[in-house]
Amino acid sequence: MTSSILVDRRDGWILLTLNRPDRLNSFNDEMHRALAAALDEAGNDEGCRAVLIAGAGRGFCAGQDLSDRVGKDGPPDLGYTIETFYNPLVRRIRALRKPVVCAVNGVAAGAGANIAFACDIVLAARSARFIQSFAKIGLVPDSGGTFFLPRLIGDARARALALTAEPLAAEKAEEWGLIWKVLDDDKLMAEAEALAAHFATQPTQGLAYVKEALNASATNDLDTQLDLERDLQRKAGRTPDYAEGVKAFMEKRPASFTGRAK
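Those letters in the sequence shown? Residues 552 to 813, per the numbering used here, in order.
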């Protein structure tokens, strides 16, 4: 049986490919479990200093595989599905102590779009489309959609996308600040892989502290955030990579970061 998640270990980073192209990489329970296991493995692997998530075939991810919910007795408990699979996935991505890059090709719909937005840096092919498709079937944006959208693009645009389920072109998503960069379709993966490879050479612990600070800023007040910055800077200043970075700067040479905490 073909794996629903392809794991490609590179030099210092890992490419995770959603691999159900015949279903536009929509999620079923098996794919959720495989992706969770792959992310946990990446998180525990000191040799992995960045993760790139991509989709096989003509689309990134169409969200939940609705056929997986058809034919069951009575209405499905979608809250159970979210609590068991989608919420832990978003939390894994946000908490991973290394950069997570997402390369979106083709459609990113429903939870597929919001999982992309949970990543640290999103690159998209020019042909990509982001769709909050939940309203079309009477559902609520999940996988962090109601959290990420207002913060990334403002309340007015978030409400319009969520209530109309209107597709958003990649170039407009970039213009609005929803994603980092749009690329020609044939250049997407090369640039995404180059970015992941770049992060594999950077001060991984420092980047983890950056993620921690940015994650907390969504709910902290200024005083709390200032205190957090102080505490994280204290930790960062004690890492070998900080010492190496300063030494390399003084010696006018490229730094050689290990990514290690000690």
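Every residue, glycine too, gets a C-beta built ideally from N, C-alpha and C.
Distance CB(residue i)-CB(residue j) smaller than 9 angstroms
i	j	result
P692	A713	yes
G625	L569	no
A662	G614	yes
A686	A646	no
A676	V733	yes
A667	I604	yes
A764	L739	no
A748	D573	no
D628	N579	no
Residue i burial status per 10 Å Cβ neighbour count (16 or more: buried)
i	result
S694	buried
L745	Position check: residue 745 holds Ala in this sequence, whereas Leu was assumed. The residue is exposed, with fewer than 16 neighbouring Cβ atoms inside 10 Å.
D792	buried
V797	exposed
F800	exposed
R571	buried
N576	buried
I704	buried
T790	buried
G689	exposed
A751	buried
A741	exposed
A743	buried
Cβ-Cβ separation, residue j to residue i (assumed contact under 8 angstroms), whole Å
i	j	result
S555	E592	Going by Cβ atoms, the distance from S555 to E592 rounds to 15 angstroms, so no, they are not a contact pair.
N656	F611	6 angstroms
Interface flag, residue i vs chain D, CB-CB below 9 angstroms
i	result
E722	No chain D is part of this structure, which consists of one protein chain only.
Beta-carbon contacts of residue i that lie in its chain and below 7 angstroms, excluding the five residues immediately before and after
i	result
S768	Q776
A664	F681, I682, Q683
E795	A806, S807, F808
K723	none
L779	A764, A767, N771
P701	A709
P639	A587
Q753	F808
Own chain residues within Cβ distance below 6 angstroms of residue i, not counting five before or after
i	result
G810	R600, T755
L586	I556
L590	R643
Y760	L783, A787
A660	A613, G614, I682, S684
R609	G657
H583	F636
D559	L566
Cβ neighbours of residue i in the same chain (closer than 8 angstroms, five flanking residues each side left out)
i	result
D772	none
D736	N656, A676, R677, S678
E518	Outside the modelled stretch of the chain, which goes from 552 to 813, sits residue 518, for which no answer is possible.
Inter-stretch contact (C-beta, 8 angstroms, three-pair minimum) for the stretch 696-716 and the stretch 724-736: Segments in contact, yes.
Are three or more beta carbon pairs between the stretch 633-653 and the stretch 676-683 nearer than 8 angstroms? Because the criterion of three Cβ pairs below 8 angstroms is not met, the stretch 633-653 and the stretch 676-683 do not touch.
Would you call the stretch 644-651 and the stretch 663-673 touching, i.e. three or more CB-CB distances under 8 angstroms? With a cut-off of 8 angstroms on Cβ pairs, the stretch 644-651 is in contact with the stretch 663-673, counting three or more such pairs.
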